[in-house]
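Undergrad:
2 protein chains.
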Amino acid sequence: MTSIPLEPLAVPTDSIGLVSPQTVLIEKPLTLACGIVLPSHQLVFETYGTLNSDRSNAILICHALSGDHHAAGFHKGDNKPGWWNHYIGPGKAMDSDRFFIVSVNNIGSCFGSTGPTSINPETSEAWGADFPSLRARDWVESQKLLMDHLDIHCWAAVIGGSLGGMQAMRWSLEYPERLLNAVVIASSMKLSAQNIAFNEIARRAIKSDPDFCDGNYLQEGKAPLHGLALARMIGHVTYLSDEVLGEKFGRELASGDFIDGTADPVEFEVESYLNYQGDKFSNAFDANSYILITKMLDYFDLAREYNNSPTEAFAHAQCKFLLISFSSDWRFSPQRSQEITDALIRAGKDVSYAAIDSNQGHDSFLLPNSRYQAALGGYLNRVANQLESSQ
Amino acid sequence: MTSIPLEPLAVPTDSIGLVSPQTVLIEKPLTLACGIVLPSHQLVFETYGTLNSDRSNAILICHALSGDHHAAGFHKGDNKPGWWNHYIGPGKAMDSDRFFIVSVNNIGSCFGSTGPTSINPETSEAWGADFPSLRARDWVESQKLLMDHLDIHCWAAVIGGSLGGMQAMRWSLEYPERLLNAVVIASSMKLSAQNIAFNEIARRAIKSDPDFCDGNYLQEGKAPLHGLALARMIGHVTYLSDEVLGEKFGRELASGDFIDGTADPVEFEVESYLNYQGDKFSNAFDANSYILITKMLDYFDLAREYNNSPTEAFAHAQCKFLLISFSSDWRFSPQRSQEITDALIRAGKDVSYAAIDSNQGHDSFLLPNSRYQAALGGYLNRVANQLESSQ
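Protein sequences, first through last, are from chains A and B. With the first letter of the first sequence counted as 1, position 260 gets the number 259 in numbering that gives the first Met the number 0; the numbers rise by one all the way through. With the first letter of the second sequence counted as 1, position 140 gets the number 139 in numbering that gives the first Met the number 0; the numbers rise by one all the way through.
(1) Quick one: using the 10 Å Cβ neighbour count with 16 as the cut-off for buried, is G76/A buried or exposed?
(2) Quick check on P264/A - is its C-beta less than 9 Å from some C-beta in chain B?
(3) Please list the residues of the segment 197-227 of chain A that have a C-beta atom closer than 8 Å to any C-beta atom in chain B, keeping them in chain order.
(4) For the structure I just gave you, are there three or more beta carbon pairs, one from the segment 338-346 of chain A and one from the segment 301-321 of chain A, closer than 8 Å?
(5) For T411/A, collect the residues of the same chain with a Cβ closer than 7 Å to its Cβ; drop the 5 residues on either side in sequence, then sort them by chain order.
(6) Can you tell me whether A353/B sits near the ligand GTP, meaning its C-beta is under 8 Å from at least one heavy atom of the ligand?
(7) Beta carbon of N105/A, beta carbon of W138/A: below 9 Å?
(8) Determine, using beta-carbon pairs with one atom in the segment 236-256 of chain A and one in the segment 354-361 of chain A, whether at least three such pairs fall under 8 Å.
(9) Quick one: what does DSSP say I195/B is sitting in, helix, strand or coil?
(10) For a test of the three-state rule: what should DSSP assign to G163/B, helix, strand or coil?
(11) What ranges does the beta strand (DSSP E) occupy inside the segment 232-290 of chain A, keeping only unbroken runs of at least 3 residues that lie completely in it?
(12) For the alpha helix (DSSP H) containing Q372/A, name the first residue and the last one.
(13) Using the C-alpha atoms, what's the distance from S141/A back to L291/A?
(14) Buried or exposed: which applies to V18/B, given that a residue is buried once 16 or more other Cβ atoms fall within 10 Å of its Cβ?
(15) Apart from the five residues on each side of it in sequence, which residues of its chain come closer than 6 Å, Cβ to Cβ, to G164/A?
(16) So what does DSSP say about G16/A, is it helix, strand or coil?
(17) Note down, in chain order, all residues in the segment 169-193 of chain A with a beta-carbon under 7 Å from any beta-carbon belonging to chain B.
(18) What residues from the segment 290-307 of chain A come within 9 Å of chain B, judged by C-beta to C-beta, listed N to C?
(19) By the DSSP assignment, the alpha helix (DSSP H) with K143/B in it spans what residues?
(20) Going by DSSP, what residues sit across from F325/B in a beta bridge?
(21) Evaluate contact between the segment 369-378 of chain A and the segment 85-92 of chain A, counting only Cβ atoms and requiring at least three cross-stretch pairs below 8 Å.
(22) Once DSSP output is grouped into helix, strand and coil, what is the label at L42/B?
(23) What did DSSP end up calling Q21/B once you bin it into helix, strand or coil?
(24) Taking Y86/A as the reference, give the member of S389/A, S332/A, I158/A with the closest Cα.
(25) Run through DSSP, which three-state label would G214/B get?
(26) Among the residues of its own chain, which have a CB less than 7 Å from the CB of H315/A, if the five just before and after it don't count?
(27) Which residues does DSSP pair with E124/B in a beta bridge?
(28) Measuring straight from C-alpha to C-alpha, what distance separates Y272/B and F73/B?
(29) Classify S2/B as buried or exposed, calling it buried when 16 or more other Cβ atoms lie within 10 Å of its own Cβ.
(30) Considering only residues of the same chain and omitting the five flanking positions on each side of I195/B, which have a CB-CB separation below 6 Å?
(31) Tell me, please, whether the CB atom of V236/B is closer than 9 Å to any CB atom in chain A?
(32) Once you ignore the five residues that flank Q385/B on each side, which residues in its own chain have a CB closer than 8 Å to its CB?
(33) Does the CB of E270/B have a neighbour CB from chain A at under 9 Å?
(34) Return the bridge partner residues of T30/B from the DSSP annotation.
(35) Kindly list, in the order they appear in chain A, the residues whose Cβ is closer than 8 Å to that of R335/B.
(36) By how many angstroms is the C-alpha of K206/B removed from the C-alpha of V214/B?
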């Protein structure tokens, strides 16, 4: 195992600045794991940094359940940066001065790439609930077609958190010769029964909303906003730790009071916050996409087709691995990353594992943390040094 | 601290046999914490065992969120025993051969005692969502009126798990001279922000159901079954541990399969189980009661009126305490019981604390466990010995 530098690097604050998404129509057929073939599909993506002359410094960013292509920098007229802006930029852990970073919105999602809100060419209506069932490997296949389109032969690294880490692992097995490094953050080889349970409750919340219309809400001019808000609230609580919720909100009140003898309604800050988060999300995300992608999470089982042996699975990998976990993550606990690390060691692979102390729960992978910055930045610094010395 | 015997007692299997609930109309006014006065209220309760001649061997059982008066034995024609049948009966931890055990359905609930489904005498309609806001102390006040009705001067013990433990603690502060022992199981002095968050999601699930009709579903001839099922599913997952869900269900499938190339819908066992539990509950419980009692849980804060000092609060207690926690309980973790124990020690009280190893999560307090049986049974055995020697 490679050692991780323990001294935190200074966290750089420079931003990429303005970025514009690009759109590509991939006109090659994509055969999905379920057997259905998409004759063509559209992908929206962003890139940060410059591809070097031998096209060897490209990093692929894989987003998670609710992510999109906008991982860093700013869109014109929008002061909210991309979702991984803390870690992507000049001098940052994923250094756009040294790497060419590709961030793609995956199919099935709802930010411009082909998904349930797209028009199904066969019916000339939105796919809606009829969009084909997806697996993480379908995202990998689609990303591979984008890779070919960009004329990149080998990723310097494929990097992702949560479901993103699952894609990075799947890349290492499906196209072992097409990546040098897989960075798997706050992830798991498969969901636990508890994980599946929370996802199913979220799906049922959406489907119970009468405005879901059996998934045909777009055609009906409706949207299951209440159900999707509930789904997000359930997810959101599981992304945070008990500790950080306590620190942020404790038992503070948003309205009402506890004075005896009154019947004033009392609302806690944490209730107000969660309701706000739920409503914000339900206006920005598509309910069919949410169902589709949570199912993709549930289905993911890295070793299923390898006799349920993670060691046998990872025997096919050729890249190096960096695993990162966060102490308070109870959705994909450090034990899950430890299991991946153990399987990689048994398979004789080159693996580094950084177990980061953080009280922010699963969301830690998105949030500033100098140890995390040091582990990821230190690892990618060596990757960049190797690439530059071999040019 | 009193020591707990470490050798598990043999778990007795005798049952109380057939029991019949009793109903009493308490015609004394009950002034609720919110200021509203109930001129009278109905209580349904069961008793197990025989009250001794000096009326000193009575135990009060306090139920939790979804509990009722049927804690032990069987109702005629029903082969499902009461919810605490593992621990109440002849020779069991709460020994009906030695104690007179009183188990009452509390007001605001929906199993026969006055609550949202009862008729409001002022309007001649069901209370519904207009039933007054309740606090745990209101349940204690109502239980105190039942105690007077039964002509019991002092409980040998007040015992409860979860919200039931909160009532036992409140008894020790409100009527310190009216109980000799408080047994507080899997409980907490107040809910964390995460606890409140899950309760609020459950309430929103109910309120989002169009059949909730702003709480007036009874008048409208409807019932928010989908919302209440969701609420229960959320609660149920938090009552179980990740480990026990994994042991029970793992990633086993209830239907469908994973064969590549097919689009069969896959349903995991855990999804099927949870959906079943949700639907079963929503046909048996009242949605307004669920909202009311989860709010009661959120509001509970033992030390609020004692300068937020648990030590200052418990200084008022005169009884002895037994605390019990379960290692895998992440809803009310062992740390919460440790905090109660620490406050009791600082207040100079007689306290025993049994931290039980169990992988069953919060639900452990309802389930067979020989160490738990030994801790509770050993403690109550000494209580019974003292009572019998002083007769």
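Heads up, the beta-carbon is just placed ideally off N, CA and C, and yes, glycines get one too.
TA: Quick answer:
(1) exposed
(2) yes
(3) F197, E199, I200, R203, A204, S207, D208, P209, H225, G226
(4) yes
(5) Any answer about residue 411/A is impossible in this case: the structure gives chain A only from 0 up to 390.
(6) The ligand content of the structure shown is nil, which means the ligand GTP is not present either.
(7) yes
(8) yes
(9) helix
(10) Of the three classes helix, strand and coil, the one that applies to G163/B here is helix, per DSSP.
(11) Contiguous beta strand (DSSP E) elements confined to the segment 232-290 of chain A occur at 252-254, taking only those with 3 or more residues.
(12) For Q372/A, the enclosing alpha helix (DSSP H) starts and ends at 369-388.
(13) 16 Å
(14) By the neighbour-count rule (16 or more Cβ atoms within 10 Å), V18/B is buried.
(15) V183, I184, S186
(16) G16/A sits in coil when the DSSP states are folded into three classes, being neither helix nor strand.
(17) K189, S191, A192, Q193
(18) K294, D297, Y298, D300, R303, E304
(19) 135-148
(20) Paired residue(s): I355/B.
(21) Output reads yes: the segment 85-92 of chain A touches the segment 369-378 of chain A.
(22) strand
(23) strand
(24) Nearest option by C-alpha distance: I158/A.
(25) helix
(26) L172, P175
(27) N119/B
(28) 25 Å
(29) Its pLDDT being 45, under 50, S2/B is placed unreliably by the model, and nothing is read from it.
(30) Result list for I195/B: D297, in chain order.
(31) yes
(32) none
(33) yes
(34) V36/B
(35) In chain order: nothing, as chain A lies at least about 11 Å away.
(36) Before going further, note that residue 214/B is Gly rather than Val in the sequence given. Roughly 8 Å between the two C-alpha positions.
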